[in-house]
Structures are given as C-alpha cells and as structure tokens.
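**Student:** In UniProt numbering, the protein residues as written are 1 to 93.
Sharing a structure with you now.
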Amino acid sequence: MLAFVLLALALPQQAEPTAEEIVVTARKGSCRTQWRGGALSGRQLDALAGDWAAGIPVQVRAQRRADYKCLAKVAFRLADRGVTRVTFIDPVD
C-alpha cells in the first residue's frame with residue numbers, strides 16, 4: 001500500500017486548466033460580453049464555448065448593475081454548448 005502511495009506521488013500531476021474569464025455588462029437594455037479585454041460576439045462565444053466544453057473552467061464576472069436575465073442568457077448559452085464548469089465571481093463596477 002505504501003508503495004502505491006509513493007508511486008502516485010512520484011507521477012507527474014496534471015495541472016488544473018487556467019480559467020477563462022468572461023465579463024458581462026448591461027448597457028441600456030443590451031447584454032454584452034467581453035473576453036480578454038475585447039468585445040465578444042455571439043458567434044465568437046459559440047466558437048470558444050466549443051473549446052471550453054472540453055473541460056476548461058469559465059468564470060463569469062458581471063457588473064453590479066447587470067440584470068439576471070442577461071446573466072441567465074449567457075449561462076444558458078454556455079450550457080447549451082456543453083460548458084459545464086461555469087463559476088460566477090465577484091462583480092465589477
């Protein structure tokens with residue numbers, strides 16, 4: 001048993017993939033997303049979601065004034081494309 005534990009510790013461990021961050025903003029009734037500092041269109045979000053569905057965690061950061069409908073829209077869109085590791089993190093102003 002001890003040999004098994006030592007062997008498991010000696011094997012290289014897979015690092016947790018770095019989380020991608022999406023920033024959600026709501027401006028005058030619209031729901032906008034940003035990724036890596038630039039605007040993210042629905043088509044781009046769908047393309048990226050295909051990669052994220054492979055297990056890359058996604059963090060959604062929303063402005064305090066973003067409404068729940070906007071956040072739900074983004075969350076459901078990601079879920080529809082197979083993204084299962086979504087975390088909502090502290091909002092920004």
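Where is the CB? At the ideal position from N, CA and C, for every residue including glycine.
Only a predicted model underlies this, so the values are computations on that prediction, with no experimental measurement involved.
Starting from residue 43, trace the alpha helix (DSSP H) both ways and give me its first and last residue.
**Tutor:** 42-52 is the span of the alpha helix (DSSP H), which, as asked, contains residue 43.
**Student:** Rounded to whole angstroms, what's the CA-CA distance from residue 89 to residue 59? Just pull it up for me.
**Tutor:** Looking at the two C-alpha atoms, the distance is approximately 6 Å.
**Student:** Are the stretch 46-53 and the stretch 74-86 touching by the rule of at least three beta carbon pairs closer than 8 Å?
**Tutor:** The stretch 46-53 vs the stretch 74-86: in contact.
**Student:** With residue 61 as the anchor, note down where its beta strand (DSSP E) starts and where it stops.
**Tutor:** Start and end: 58-63.
**Student:** Tell me the residue span of the beta strand (DSSP E) that contains residue 32.
**Tutor:** 30-35 is the span of the beta strand (DSSP E), which, as asked, contains residue 32.
**Student:** Please report whether the beta-carbon of residue 71 lies at a distance below 7 Å from any beta-carbon of chain C.
**Tutor:** Considering every chain present, this structure includes no chain C. It has just one protein chain.
**Student:** By the three-class DSSP mapping on this structure, what secondary structure does residue 72 have?
**Tutor:** Helix at residue 72.
**Student:** Would you check if the distance between the CB atom of residue 91 and the CB atom of residue 72 is smaller than 7 Å?
**Tutor:** No. Outside cutoff.
**Student:** In the structure shown, what three-state DSSP assignment does residue 79 receive?
**Tutor:** Three-state result, residue 79: helix.
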